[in-house]
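Student: Before I ask anything, let me first share the structure, which is written out below as structure tokens.
2 protein chains.
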Amino acid sequence: MIEQIPDIVISRLPVYLRELTRLAVEEGKVNTSSHELGQRLGISSAQIRKDLSHFGEFGKQGTGYHIGYLIDQLREILNLKEEWQVALIGAGYLGHALAHYQGFEHRGFHISWVFDNDPQKIGEEMNGLIVRDIATLESALSKNQIKIAILVVPASAAQEITDRLVAAGVTAILSYAPIHLKVPEGVHVSYSDPVVQLQRMTFYL
Amino acid sequence: MIEQIPDIVISRLPVYLRELTRLAVEEGKVNTSSHELGQRLGISSAQIRKDLSHFGEFGKQGTGYHIGYLIDQLREILNLKEEWQVALIGAGYLGHALAHYQGFEHRGFHISWVFDNDPQKIGEEMNGLIVRDIATLESALSKNQIKIAILVVPASAAQEITDRLVAAGVTAILSYAPIHLKVPEGVHVSYSDPVVQLQRMTFYL
């Protein structure tokens with residue numbers, strides 16, 4: 002039986018993975034330690050060791066972590082061994098930016114579909130992708146077994162589109178719409194709202 | 002003496018504020034309850050009452066919260082009574098999207114400055130803003146006492162720009178660069194990385 006791992010622990014793993022990849026790819030390092038990683042991320046080394054210990058023994062006393070091995074293990078834990086096909090819903094300014102975002106490459110995701118309901122945008126090309134009619138959303142997602150969607154639509158449309166995504170089999174949604182979405186159990190939603198993030202900081206200013 | 006309020010509590014206040022505003026503006030409601038708010042946000046009513054109790058007594062037994070009053074109080078708590086001028090650093094696709102983002106309006110923020118180092122972009126207009134030369138960053142920010150910046154530059158440039166922002170007096174940074182930033186104490190950073198958010202969810206898929 003697998004222990005229940007706190008969500009806060011899971012939330013740090015992608016950050017570890019990102020920093021380890023920087024260490025390996027940009028700095029050509031082979032080994033690191035929880036101390037070095039912690040220093041670079043502003044997290045205590047004890048926290049890092051504790052987080053990783055939920056999943057096994059990755060380091061050795063004295064030599065620390067072999068970066069390539071730890072990257073490989075984290076990719077396995079986070080289900081990133083195969084690339085996920087992602088549907089982008091909304092071809093406005095932000096949709097456009099996400100369609101061109103190079104940060105998805107080599108990190109487990111590929112935007113394969115873009116949908117919009119605006120006749121002016123349908124058929125337009127965006128970084129090699131053709132914007133499709135949102136009317137074809139369900140058939141395209143079901144047929145291609147798309148599990149992940151990025152939602153970049155106005156708040157007023159977000160819940161209705163979410164319901165359609167869920168009905169079509171999507172189980173993970175990254176939403177940029179400034180609204181809380183209702184989804185059934187088993188469907189995961191992550192939110193990105195720049196104003197909410199700024200307001201968290203202005204409290205302290 | 003003000004009690005130390007947990008950051009996790011602060012992080013929920015903008016979400017309450019956003020939902021209360023929806024209730025008032027879009028649905029024309031005058032009163033709400035912790036129960037109703039909780040239902041809409043997928044948060045327990047007890048949690049909402051406990052969070053708000055850190056700041057005073059806002060509701061009445063039986064009638065609940067007066068939405069307008071609670072919005073007003075939350076805006077005061079979060080330092081949103083006056084609009085913050087924000088500098089946007091980076092005029093690429095995502096910078097472009099943020100410059101056109103309408104969600105800042107009426108929520109306490111106004112992008113007043115856009116900077117880039119690309120001669121092709123400097124002088125360009127973006128939603129009424131002229132893209133300025135990053136060489137003028139320090140003088141513009143200091144002179145106008147800008148405290149908040151949104152960072153939309155490549156990872157390779159992010160730390161250097163951050164150091165310059167901090168030196169110019171910025172104390173809150175919303176960063177879209179996929180890298181952990183080192184800042185001195187008293188400077189707040191919030192991160193937005195779509196891949197980190199997606200990877201948190203693929204763990205569960």
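First to last, the protein sequences are chains S and V. 2 is the number of the first residue of the first sequence in our numbering; add one for each residue after it. 2 is the number of the first residue of the second sequence in our numbering; add one for each residue after it. Just so it is clear, CB atoms sit at the ideal spot from N, CA and C, and this is done for glycine as well.
Quick check on DSSP: helix, strand or coil for Y192(V)?
Tutor: In this structure, Y192(V) counts as strand in the three-state DSSP scheme.
Student: Please return the same chain residues whose Cβ sits closer than 7 Å to the Cβ of G187(S), not counting the five positions on each side in sequence.
Tutor: Excluding residues within five positions, the ones whose Cβ falls inside 7 Å are T172.
Student: What in chain V is Cβ-close to A150(S), meaning under 8 Å?
Tutor: None at all; the shortest Cβ gap to chain V is about 10 Å.
Student: To which residues does DSSP link N32(V) through a beta bridge?
Tutor: Paired residues: H67(V).
Student: Can you round the beta-carbon distance between S34(V) and G65(V) to whole angstroms, since I take them to be within the 8 Å contact cut?
Tutor: The Cβ separation is near 4 Å, so the contact holds.
Student: Going straight from the alpha carbon of R201(V) to that of V10(S), what length do you get?
Tutor: Cα-Cα distance, rounded: 10 Å.
Student: Contact between the segment 121-131 of chain V and the segment 156-166 of chain V: three or more CB pairs below 8 Å?
Tutor: Output reads no: the segment 156-166 of chain V does not touch the segment 121-131 of chain V.
Student: May I ask you to check if the CB of H107(S) is nearer than 7 Å to at least one heavy atom of the ligand ATP?
Tutor: As for the ligand ATP, it is missing from this structure, which has no ligand bound.
Student: By the criterion of Cβ-Cβ separation under 9 Å, what are the contact partners of S113(V) in chain S?
Tutor: Within chain S, no residue comes near S113(V); the closest Cβ sits about 14 Å away, beyond 9 Å.
Student: Using the beta-carbon count (16 or more within 10 Å), is E161(V) buried or exposed?
Tutor: E161(V) should be labelled exposed.
Student: For R133(S), write down the residues that DSSP places opposite it in a beta bridge.
Tutor: Looking at the DSSP assignment, R133(S) forms a beta bridge with F116(S).
Student: Considering only their Cβ atoms, is the gap separating G109(S) from T203(V) smaller than 8 Å?
Tutor: Yes, the pair counts as a contact, with Cβ atoms nearer than the cut-off.
Student: What's the gap between the Cα of K148(V) and the Cα of Q198(S)?
Tutor: Rounded to the nearest angstrom, the two C-alpha atoms are 15 Å apart.
Student: Using beta carbons (cut-off 8 Å, strictly below), is E202(V) in contact with chain S?
Tutor: It is worth fixing the name first, because residue 202(V) is Met in this sequence and not Glu. Chain S contact via Cβ: present.
Student: With a cut-off of 8 Å, does the C-beta of Q198(V) fall near any C-beta of chain S?
Tutor: Closer than 8 Å: yes.
Student: Of the residues L99(V), I78(V), E28(V), E37(V), which one's Cα is nearest the Cα of Y177(V)?
Tutor: That would be L99(V), whose Cα lies nearest to the Cα of Y177(V).
Student: Assuming I11(S) is part of the alpha helix (DSSP H), what are its boundary residues?
Tutor: Counting along the chain, the alpha helix (DSSP H) containing I11(S) begins and ends at 8-22.
Student: Quick one: is S20(V) buried, meaning 16 or more other Cβ sit within 10 Å of its Cβ, or exposed?
Tutor: Inspection of the sequence shows that residue 20(V) is occupied by Glu rather than by Ser. Counting Cβ neighbours within 10 Å, E20(V) comes out buried, since at least 16 surround it.
Student: So what's M2(S) in DSSP terms, helix, strand or just coil?
Tutor: Annotation note: pLDDT 44 at M2(S) (below 50); position unreliable, no value reported.
Student: Got a sec, what are the start and stop residues for the beta strand (DSSP E) L152(V) sits in?
Tutor: Looking at the DSSP string, the run of the beta strand (DSSP E) that includes L152(V) is 149-152.
Student: Taking V16(V) as the query, report the chain S residues whose CB atoms sit under 8 Å from its CB, ordered along the chain.
Tutor: By Cβ distance, chain S contributes H181, V197.
Student: When the distance is taken between beta carbons, is L89(V) closer than 8 Å to H184(V)?
Tutor: The sequence shown places Val at residue 184(V), rather than the His named in the question. Going by C-beta atoms, V184(V) is not nearer than 8 Å to L89(V).
Student: According to DSSP, is R201(V) part of a helix, a strand, or is it coil?
Tutor: Correct three-state label for R201(V): helix.
Student: So for L79(S), helix, strand or coil by DSSP?
Tutor: Coil.
Student: For H97(V), count neighbouring C-beta atoms within 10 Å of its own C-beta (all shown protein chains included) and say buried if the count is 16 or more, exposed if not.
Tutor: The residue in question, H97(V), is buried, as its Cβ has 16 or more Cβ neighbours within 10 Å.
Student: What does the alpha-carbon distance come out to for the pair E126(S) and L95(V)?
Tutor: Going by the C-alpha atoms only, they are around 18 Å apart.
Student: Whose C-beta lies closer than 8 Å to the C-beta of G43(V) among residues of the same chain, with five residues either side of it excluded?
Tutor: For G43(V), where only same-chain residues beyond five positions count, there are no Cβ hits under 8 Å.
Student: Less than 8 Å between C-beta atoms, sequence neighbours within five positions excluded: which residues of the same chain meet that for Q74(V)?
Tutor: So the list reads F56, G57, F59, once near-sequence residues are dropped.
Student: Using beta carbons (cut-off 8 Å, strictly below), is P7(S) in contact with chain V?
Tutor: Not one chain V Cβ lies under 8 Å of P7(S).
Student: Would you verify that the beta carbon of R108(V) is, or is not, closer than 8 Å to some beta carbon of chain S?
Tutor: It does: the Cβ of R108(V) has a partner Cβ on chain S nearer than 8 Å.
Student: Can you pull the chain V residues whose beta carbon is under 7 Å from the beta carbon of H189(S), in chain order?
Tutor: The answer, in chain order, is M202, Y205.
Student: Rounded to whole angstroms, what is the Cα-Cα separation between S193(S) and P120(V)?
Tutor: Near 31 Å, if we compare the C-alpha coordinates of P120(V) and S193(S).
Student: Quick check: the Cα distance between A25(S) and N32(S), rounded to an integer number of angstroms?
Tutor: Cα-Cα distance, rounded: 9 Å.
Student: Residues of chain V with a CB under 9 Å from the CB of G129(S): which are they?
Tutor: Chain V residues near G129(S): none, gap ~14 Å exceeds 9 Å.
Student: So the alpha helix (DSSP H) I162(V) belongs to, where does it begin and stop?
Tutor: Start and end: 156-168.
Student: Within 8 Å (strictly less), CB to CB, does N145(V) reach chain S?
Tutor: Not closer than 8 Å to any Cβ of chain S, the Cβ of N145(V) fails to qualify, so no.
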